[in-house]
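A quick write-up on the structure given underneath.
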């Protein structure tokens, strides 16, 4: 069986693949009416690079330009200072909406002191310091509790703050940086500052509250405990009562401290020499009894092999 074909059968034509140079971008068709760019100018311009998302979210602001300060709103140059050393020290807070941190730089001639000047809007701000990755509160600034029940520092920045002197003289006098220290912004501000400075000379400066560092004991009674003795309708009493409600409850005492040997009843009323077996946790500890008939008893228990010896001393509580 044979076939008579006038032409060979058609086969599918091969599709040529487009050859692309590795790494070359695919550019859209150019407009013919667009002006031709200068080749030398293009050679001198740096190549555009894509910014990393990680670097944009974790940048450490080193100057005022990176902080993106809104120039349309009034800000006060405020000095933040950390006096307790550290390799990398940052400050963050509501001044950056808790989204950024600004690095503090060492102060020449003051070892362990780091400082930074940040433009802050007037108002009350919560701040915290990050020292080598650990968030801490400064002992030189007052502390408070925020809405998340976290201990933070706070500063009060006023638009009418008076600049005392240049930053160099401020460092020389050693002024504590517990308040906002603005610089001279303009001529009108200088005039206004001069008028307010005269008024301040007439009025005595307010006394600063003594801020005790955490972990240090003192004989000073907290102010909110003193305010509880005031009238209940006063604002100081109401603030103190609200502060006590937010305080955590004190830890409960161990169970054995609630049953000392002096307060326990004797097993045999007729024989006072028979005492209960004391717990080993009360050995060599000072114990006191409840005051009965204006008499206070103090005792100490010691063990000798299988026997316990309790020494009791009595003292009247009245001065008479």
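In the UniProt record's numbering, the protein residues as written are 1 to 320.
Every residue gets a Cβ at the ideal spot worked out from N, C-alpha and C, and that includes glycine.
In this text, all values refer to a predicted model and were calculated from it rather than measured experimentally.
Excluding the 5 residues flanking it on each side, residue 82 has same chain C-beta neighbours closer than 6 Å at 89, 104, 114, 129, in chain order. When rounded, the separation of the alpha-carbon atoms in residue 75 and residue 235 is 32 Å. The beta strand (DSSP E) runs of length 3 or more contained entirely in the segment 77–111 are, from start to end of the chain, 89–93, 105–107. Counting of Cβ neighbours within 10 angstroms places residue 153 among the buried residues, the total reaching 16 or more. According to DSSP, residue 128 shares a beta bridge with 92. Exclusion of the five residues before and after residue 316 leaves 294, 295 as the residues of its chain whose Cβ lies within less than 7 Å of its Cβ.
Annotation: the continuous alpha helix (DSSP H) that includes residue 223 extends over 223–227. Residue range 307–316 is occupied by the beta strand (DSSP E) that includes residue 312.
In the DSSP assignment, the residues bridged to residue 286 are 300.
As far as DSSP is concerned, residue 293 takes part in no beta bridge.
In this structure, the CA atom of residue 239 is about 37 Å from the CA atom of residue 318. With 16 or more other Cβ atoms from the protein chains shown falling within 10 Å of its own Cβ, residue 77 counts as buried. Leaving aside the five residues that flank residue 95 on each side, the residues in its chain whose CB is nearer than 7 Å to its CB run, in chain order, 118, 120, 125, 127. Excluding the 5 residues flanking it on each side, residue 314 has same chain C-beta neighbours closer than 6 Å at 295, 297, in chain order. Residue 85 is positioned such that its CB atom lies closer than 8 Å to that of residue 112. From the listed residues 243, 216, 217, the smallest Cα separation to residue 226 is found for 243. Under the DSSP assignment, residue 244 falls outside any beta strand (DSSP E), being part of the alpha helix (DSSP H) whose first and last residues are 235–246. According to the DSSP assignment, residue 155 belongs to the beta strand (DSSP E) that extends over 151–157. For the options 148, 150, 160, the alpha carbon positioned closest to that of residue 194 is the one of 160. Shown here, residue 75 sits in coil according to DSSP, grouped into three states, outside any helix or strand.
Only residues of its own chain outside the window of five on either side were considered, and among them 154 have a CB closer than 6 Å to the CB of residue 144, listed in chain order. DSSP, reduced to helix, strand and coil, places residue 123 within a strand of the structure shown.
Listed in chain order, the non-local C-beta contacts of residue 87 below 7 Å within the same chain comprise 132, local neighbours out to five positions each way being set aside.
Per DSSP, the beta-bridge partners of residue 114 are 82, 106.
In the three-state DSSP reduction, residue 143 falls in the strand class (E or B). Taking 8 Å as the cut-off, the beta carbon of residue 237 is found closer than this to the beta carbon of residue 228.
Our two residues, residue 303 and residue 312, have alpha carbons roughly 15 Å apart in a direct line.
Going by beta carbons, residue 284 and residue 300 fall inside the 8 Å limit.
Shown here for residue 271: not one same chain residue has a beta carbon closer than 8 Å to its own, the five before and five after excluded.
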